[in-house]
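Chemist: This is the structure I want to talk about, given as structure tokens.
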């Protein structure tokens, strides 16, 4: 059985997935911490504004984000999520698809809400 924090993170992860899929910049802005450390599948670092700009401009568009696996580990006010997803979409109008593993670190704020403070993506090759 999931504890309250795990349940909250599950809901937030789905909210994040839908925000990414729909290009919902306002929701992404709420979910992502201002000083996030994010590393993409090419090893490049991105800021919150870099990420939001990709969605705002339409350079990055997701068509499908299918969740295959998800693991959550809670330690006090921090949650680590490992999620495997099949993604498809376009980047600068070029189509892409991939089998990717996301690692996200969520931190609970003083007001009880959660935000992503770090993230990393790795391509899965089989």
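In the UniProt record's numbering, the protein residues as written are 1 to 126. Note that beta-carbon positions come from the ideal geometry of N, C-alpha and C, so glycine has one too.
Return the CA-CA distance between residue 21 and residue 46, expressed in angstroms with no decimal places.
Modeler: Rounded to whole angstroms, residue 21 to residue 46 spans 19 Å at the Cα level.
Chemist: Where does residue 97 land, buried or exposed, given buried means 16+ other C-beta within 10 angstroms?
Modeler: So residue 97 counts as exposed.
Chemist: DSSP three-state call for residue 9: helix, strand or coil?
Modeler: Three-state DSSP puts residue 9 in a helix.
Chemist: Name the DSSP beta bridge partners of residue 120, please?
Modeler: Looking at the DSSP assignment, residue 120 forms a beta bridge with 39 and 103.
Chemist: Run the CB neighbour count on residue 81, radius 10 Å, all protein chains shown included, and call it buried at 16 or more, exposed below.
Modeler: Per the 10 Å Cβ criterion, buried.
Chemist: Taking all protein chains shown into account, do 16 or more other C-beta atoms lie within 10 angstroms of the C-beta of residue 31, making it buried, or fewer, making it exposed?
Modeler: Burial call: buried.
Chemist: Taking the beta carbon of residue 71 as the centre, do at least 16 other beta carbons fall within 10 Å, making it buried, or is it exposed?
Modeler: Exposed: under 16 other Cβ atoms inside 10 Å.
Chemist: Quick one: residues in its chain with C-beta nearer than 6 Å to the C-beta of residue 105, no 5 flanking neighbours on either side, listed in chain order?
Modeler: Hits under 6 Å: 80, 117 and 118.
Chemist: Quickly, what does DSSP pair residue 73 with across the bridge? List them, please.
Modeler: DSSP output for residue 73 lists 80 as bridge partner(s).
Chemist: Do you know offhand how far residue 18's Cα is from residue 24's?
Modeler: C-alpha separation (whole angstroms): 8 Å.
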